[in-house]
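Undergrad: Here the sequence shown is numbered in the numbering used here, starting from 1445 and rising by one per residue. Note that the Cβ used here is the ideal one computed from N, Cα and C, for glycine as well.
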Amino acid sequence: MDISTNYTITAGELKDKVILVTGANRGFGKAMTLDLAKAGATVIMLGRDLGSMETVYDEVVDLGYQEPVLYPLDLEGATPEHYEQLQANLFEHFGQLDGLVHNAGIIGTMMPIEQYDIKLWYSTMQINVNAPFMLTQFLIPVLNKSDDARILFLSSSVGRTARAYWGAYGVSKFAIEGLSKTLSEELEKTNIKVNSLDPKRMRTKMRQTAYPAENAEKNPLPESMSPAIVYLMSESAKSLNGEQLTLEISS
């Protein structure tokens, strides 16, 4: 299902919403953080690089948007105890969570499965699959306190149609699609809606790593795509559940 990026953000449309975004410090994560804050949401910025998160925090505040919250956490090394502490902090300070956007991820390396470095495989799976699983499991009770909660998993076309040499990244995105679909079925009778999203191509460092010979200037900027995330967290997208969504690149 295609989702248009031509969404006009209305100031305050996400007022009083609390939305956690992983990998919120750069690229698409930064862009969606800015737009969600512009719409009035309190964004919990989760990432391992506190310095770059502080830079985005300053940018959000300087623009006069809703002040975000910084939550430093290294997803590769995070344990169930870390997620349990996050759950407790959210209950204590907010009482509920209205949105969870799984944006963080690493691309690993491009090579045949036969030659894939085992340590890199484990690392990629830990960040791209295990961390979203644990984070979601511990935050479902907090999301259940919301009248209208969303979980959005950032996926990829290589997680929907297999492609040679995409290794751990491609396999991890197939896993994310399965996790998203399973959760959407399990939570169908709750106020939590679960979907996956293929953001397509955009001008990010991850894209440049995957396609080094590509002319990056032809790819849209993340900030031209991120208004769609506000739409997906808004009242307008309340009926979407269990969908494999794809961003529609404007010409």
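Compare the beta carbon distance of alanine 1481 and glutamate 1525 with 9 Å and say whether it is the shorter of the two.
TA: Not in contact: alanine 1481 and glutamate 1525 (Cβ atoms no closer than 9 Å).
Undergrad: Decide if valine 1505 is buried, meaning its Cβ has at least 16 other Cβ atoms within 10 Å, or exposed.
TA: Counting Cβ neighbours within 10 Å, valine 1505 comes out exposed, since fewer than 16 surround it.
Undergrad: Identify whether glutamine 1529 lies in helix, strand or coil by the three-state DSSP scheme.
TA: It is helical.
Undergrad: Assign proline 1556 to buried or exposed, taking buried as 16 or more other Cβ atoms, counted over all protein chains shown, within 10 Å of its Cβ.
TA: Classification of proline 1556: exposed, given that the 10 Å Cβ count is below 16.
Undergrad: Apart from the five residues on each side of it in sequence, which residues of its chain come closer than 7 Å, Cβ to Cβ, to threonine 1568?
TA: Around threonine 1568: Ile1550, Gly1552, Ala1612, Tyr1613, Ser1616.
Undergrad: Since serine 1628 contacts asparagine 1588 with CB under 8 Å, what's their CB separation in whole angstroms?
TA: About 15 Å separates the two Cβ atoms, so there is no contact after all.
Undergrad: Have a look at Pro1666, Leu1583, Ser1624 and flag the residue whose alpha-carbon is nearest the alpha-carbon of glycine 1603.
TA: Taking only the C-alpha atoms, the option nearest glycine 1603 is Ser1624.
Undergrad: Would you tell me roughly how many angstroms separate the C-alpha atoms of methionine 1554 and leucine 1564, rounded to the nearest one?
TA: Each residue's alpha carbon lies about 11 Å from the other.
Undergrad: Which same chain residues end up closer than 6 Å to tyrosine 1515 when comparing Cβ atoms and leaving out the 5 residues on each side of it in sequence?
TA: Cβ neighbours of tyrosine 1515 beyond the five flanking positions: Ile1488, Leu1490.
Undergrad: From the DSSP output, which residues share a beta bridge with histidine 1537?
TA: None; histidine 1537 has no bridge partner.
Undergrad: Could you check if proline 1585 is buried or exposed, using at least 16 other CB atoms within 10 Å of its CB as the buried criterion?
TA: Burial call: exposed.
Undergrad: If alanine 1430 sits next to leucine 1541, beta carbons under 8 Å apart, how far is it from one beta carbon to the other, in whole angstroms?
TA: Absent from the structure is residue 1430, since the part of the chain shown begins at 1445 and ends at 1695.
Undergrad: Between which two residues does the alpha helix (DSSP H) carrying aspartate 1737 extend?
TA: Summary: the structure shown does not reach residue 1737, with the chain confined to residues 1445 through 1695, and so no result is reported for it.
Undergrad: Which partner residues of asparagine 1639 appear in the DSSP bridge assignment?
TA: BP columns for asparagine 1639 point to Leu1596.
Undergrad: Just how far apart, CA to CA, sit threonine 1626 and phenylalanine 1577?
TA: Cα to Cα, the separation comes out at about 11 Å.
Undergrad: Methionine 1476: buried (16+ other C-beta within 10 angstroms of its C-beta) or exposed?
TA: Label assigned to methionine 1476: buried.
Undergrad: Can you tell me where the beta strand (DSSP E) with methionine 1489 in it begins and where it stops?
TA: Its beta strand (DSSP E) spans residues 1486–1491.
Undergrad: Under a three-way DSSP split, which group does proline 1512 fall into?
TA: Coil at proline 1512, not helix or strand.
Undergrad: Rounded to whole angstroms, what is the Cα-Cα separation between aspartate 1446 and leucine 1494?
TA: Each residue's Cα considered, the two are about 34 Å apart.
Undergrad: Hey, how far is the Cα of glutamate 1520 from the Cα of asparagine 1547?
TA: Spanning the two alpha carbons is a distance of roughly 14 Å.
Undergrad: Classify lysine 1633 as buried or exposed, calling it buried when 16 or more other Cβ atoms lie within 10 Å of its own Cβ.
TA: That one is exposed.
Undergrad: Given that a residue counts as buried once 16 or more other Cβ atoms are within 10 Å of its Cβ, and exposed if not, what is aspartate 1479?
TA: Buried.
Undergrad: Using 10 angstroms around the beta-carbon of alanine 1619, count the other beta-carbons present and answer buried if the total reaches 16, otherwise exposed.
TA: Looking at its Cβ environment, which holds 16 or more other Cβ atoms inside 10 Å, alanine 1619 is buried.
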